[in-house]
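Sequential numbering from 14 applies to the sequence shown in this note's numbering. Taking it in order: structure first as structure tokens, then the write-up.
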Amino acid sequence: MRARHGLRLVLPAVGLLGAGIQLAACSDGSGSGNGADAGTSAGGSGGAGGSGGAGGAAGCPQPLTECDASCVDTTADPANCGSCGSACAPDEVCSAGKCALVCDSGLTTCGKKCVDIQTDAANCGGCGKDCQGEPCLAGACSAQSCLGGGLGRGDCGPSKESCCKSALVPGGEFFRSYDGVTDNYKYKSWPAKLSDFRLDVYEVTVGRLRAFVEAGKGTQQSAPAPGAGAHPKIADSGWSAAWDGSLPPSTSALTQALKQGGGWPTWTDAAADNERLAINHLSWSVAFAFCAWDGGRLPTEAEWNYAAAGGGEQRVYPWSQPASSTDISADHATYDCNGDGVPGQNNCSPADILPVGSRSPKGDGRWGHADLGGGEWEWVLDSHSQYPVPCNDCANLSPGWERVMRGGSWIGNATYLLCSTRGTGSPGAVPYATGVRCARNAP
Ligand SMILES: [Ca+2]
Ligand SMILES: [Ca+2]
């Protein structure tokens with residue numbers, strides 16, 4: 014509650030009007046400090062704590078190099094071979110950063126480029142086989158956590174597809190925490206502009222997190238490299254070495270944390286019946302480390318809100334059609350302990366936690382994302398404070414605040430599932446109805 018009290022002190026008047034201060038009790042059941050606060054921190058003027066994005070000034074994502082305002086691969090681009098402007102002769106290729114008549118051993122000639130088809134996402138397993146935003150690992154398009162498929166990795170949703178499937182979210186403009194219809198969210202106070210990005214269709218499953226745990230990740234010894242998991246257009250948004258200590262000291266401590274608390278953890282020490290359930294009891298730090306390891310990153314709060322609201326459609330719920338529809342039922346989402354068909358706060362049990370995508374396609378968002386409303390709360394990158402204004406690919410990275418989670422959960426009521434609702438928790442906590450969904454950079 015410390016953050017909220019501090020927050021109330023800095024809220025500008027427009028925030029009070031727009032958000033209609035509503036300090037919801039932590040009745041969602043997702044753990045201490047995890048109550049959705051329904052926009053309490055949505056500030057209006059970008060005062061203390063705001064940290065806008067750099068808006069494209071942060072350069073090219075690794076390993077690309079900026080040459081004449083374009084991002085190029087200087088190891089393979091015959092027009093910029095080894096360095097910007099170093100063009101190869103017409104009959105030469107660019108192999109490992111050097112002009113040559115033939116590609117080096119181990120590389121494949123794709124057009125005029127020498128590429129490693131084991132790892133090149135535009136030529137994965139063969140020339141022209143584009144991974145459409147997924148990484149290329151061992152010649153196959155797949156995020157790390159779904160490599161090889163199997164339970165909770167290759168069998169998600171109604172069509173039993175890759176649990177790592179991601180969908181493109183076309184950039185645009187919208188208003189954060191606005192739907193024009195529901196209480197607290199009728200004011201266009203917080204505009205935002207976003208670039209294209211990709212967002213995983215499903216919440217991270219137990220099966221996917223198991224791949225992470227089995228790889229020895231998520232501990233202090235295996236902390237992400239500084240800068241890992243950064244948003245490509247937001248400076249200093251990657252992992253900080255200062256956070257290493259917030260990770261569990263060992264794998265056994267990590268798995269113990271996944272099981273602690275008063276709720277119903279989905280993690281099991283051995284792969285069993287839960288692999289397709291969303292992982293919960295997840296700390297923000299482990300969620301960040303997971304997404305970075307998986308070739309992605311945490312979505313920013315603006316990105317998450319944008320995907321849920323259908324961008325400029327400003328949907329009330331992710332599935333709302335028309336956008337102003339307040340229709341919600343057990344067909345759309347798991348919430349209010351309805352997963353076993355018997356809803357209500359007196360009827361909650363582990364049977365109410367269903368596999369990811371169980372309410373698809375009826376509950377999907379505009380771009381096909383499942384469980385944006387309900388399922389588990391989802392951590393995002395941002396600190397929980399005022400919304401940054403202006404917001405061009407922005408995130409609030411202020412240290413010392415709690416972190417934001419969005420979307421409500423299987424146990425909470427419908428209010429928490431509104432696209433506009435914000436929740437919060439301290440980064441080291443393991444709130445028992447909170448997991449994560451990873452974002453990825455657009456190709
Ligand atoms: Ca129930
Ligand atoms: Ca969710």
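For every residue, glycine included, the Cβ atom is placed at its ideal position computed from N, Cα and C.
Check                                                                                                                                                 : Outcome
Quick one, what's near ligand 1 if you take every residue whose CB is closer than 5 angstroms to any heavy atom, in chain order?                      : Cys350, Asp353, Val355, Asn360, Asp365
Hey, could you find the ends of the beta strand (DSSP E) Lys2 is sitting in?                                                                          : Not covered by the structure: residue 2. The range shown for the chain is 14 to 456.
By Cβ distance below 7 angstroms, which residues in the same chain neighbour Ser250 in space, the five residues on each side in sequence not counted? : Ala243, His244, Leu394, Ala408, Leu410
For the stretch 300–329, list the alpha helix (DSSP H) runs that are entirely contained and at least 4 residues long, ordered along the chain.        : 314–322
Give the DSSP-derived three-state secondary structure of Ser297 in the structure shown.                                                               : First, the residue type needs correcting, since residue 297 is Trp and not Ser in the sequence shown. In this structure, Trp297 counts as helix in the three-state DSSP scheme.
Could you have a look at Leu260 and say whether DSSP puts it in helix, strand or coil?                                                                : coil
Give the straight-line distance between the Cα atoms of Gln145 and Pro183, rounded to the nearest whole angstrom.                                     : 14 angstroms
Quick one: what does DSSP say Gly44 is sitting in, helix, strand or coil?                                                                             : Any reading at Gly44 must be qualified, since the residue scores a pLDDT of 36, below 50, and its modelled position is unreliable; the value itself is stated next. Coil at Gly44, not helix or strand.
Measuring CA to CA, which of Val449, Cys177, Ile130 is closest to Glu314?                                                                             : Val449
Have a look at Gly388, Leu212, His294, Val115 and flag the residue whose alpha-carbon is nearest the alpha-carbon of Gly308.                          : Leu212
Please tell me whether, using a cut-off of 8 angstroms, the distance from the CB of Ala291 to the nearest non-hydrogen atom of ligand 2 is below it.  : yes
Would the stretch 422–429 count as touching the stretch 346–361 if we require 3 or more Cβ pairs under 8 angstroms?                                   : yes
Is Glu227 buried or exposed, if buried means 16 or more other CB atoms sit within 10 Å of its CB?                                                     : exposed
Got a sec, what are the start and stop residues for the beta strand (DSSP E) Glu79 sits in?                                                           : 78–80
One question on the structure: do Ala92 and Ala100 come within less than 9 angstroms of each other, judged by their Cβ atoms?                         : yes
Can you tell me whether Ser253 sits near ligand 2, meaning its C-beta is under 8 angstroms from at least one heavy atom of the ligand?                : no
What is the C-beta distance between Pro401 and Arg416, in whole angstroms, given that I count them as a contact (C-beta under 8 angstroms)?           : 15 angstroms between Cβ atoms; not a contact.
Please state whether DSSP places Gly289 in a helix, a strand or coil.                                                                                 : In the sequence on display, residue 289 carries Arg and not Gly. Coil, per DSSP.
Below 8 angstroms, how does it come out for the stretch 162–180 and the stretch 102–122: are there three or more Cβ pairs, yes or no?                 : no
Are the stretch 140–159 and the stretch 193–207 in contact at 8 angstroms, needing three or more beta carbon pairs?                                   : no
Going by other Cβ atoms of all chains shown within 10 Å of its Cβ, with 16 needed for buried, is Asn47 buried or exposed?                             : For Asn47, the predicted model reports a pLDDT of 34, less than 50, meaning its position is unreliable; a value from the coordinates is still stated below. Label assigned to Asn47: buried.
With a 10 Å radius around its C-beta and 16 neighbouring C-beta atoms as the bar for buried, classify Asp50 as buried or exposed.                     : Any reading at Asp50 is ruled out, since the residue's pLDDT is 40, under 50, leaving its predicted position unreliable.
Pick from Ala302, Ala291, Arg189: whose alpha carbon is nearest that of Arg435?                                                                       : Arg189
Leu431 lies in the alpha helix (DSSP H); which residues open and close that run?                                                                      : Neither: Leu431 is in no alpha helix (DSSP H) and is coded neither H nor E.
Roughly how many angstroms separate the alpha carbons of Cys80 and Ala89, rounded to a whole number?                                                  : 13 angstroms
With a CB to CB cut of under 7 angstroms and the five nearest residues on each side skipped, what residues in its chain are close to Ser259?          : Ser298, Pro440, Gly441
Would the beta-carbon of Trp390 be found less than 8 angstroms away from any heavy atom of ligand 2?                                                  : yes
Have a look at the DSSP bridge pairing and note the partners of Leu212.                                                                               : Ala180, Ala452
In whole angstroms, what is the alpha-carbon distance linking Asp104 and Ser158?                                                                      : 41 angstroms
What I want to know is whether the C-beta of Ser422 ends up closer than 8 angstroms to one or more non-hydrogen atoms of ligand 2.                    : yes
If you count every other CB in all the chains shown that lies within 10 Å of the CB of Gln334, and 16 or more means buried, which is it?              : exposed
Given 8 angstroms as the limit, tell me if Arg450 has its C-beta closer than that to any heavy atom belonging to ligand 2.                            : yes
If I'm right that Glu216 touches Val369 with Cβ under 8 angstroms, what's the distance once you round it to whole angstroms?                          : 5 angstroms
Tell me which residue opens and which closes the alpha helix (DSSP H) that Ala224 is part of.                                                         : 219–227
Can you tell me whether Ser342 is buried or exposed, with buried defined as 16 or more other CB within 10 angstroms of its CB?                        : exposed
Per DSSP, which one or two residues make a beta bridge with Gly185?                                                                                   : Leu207
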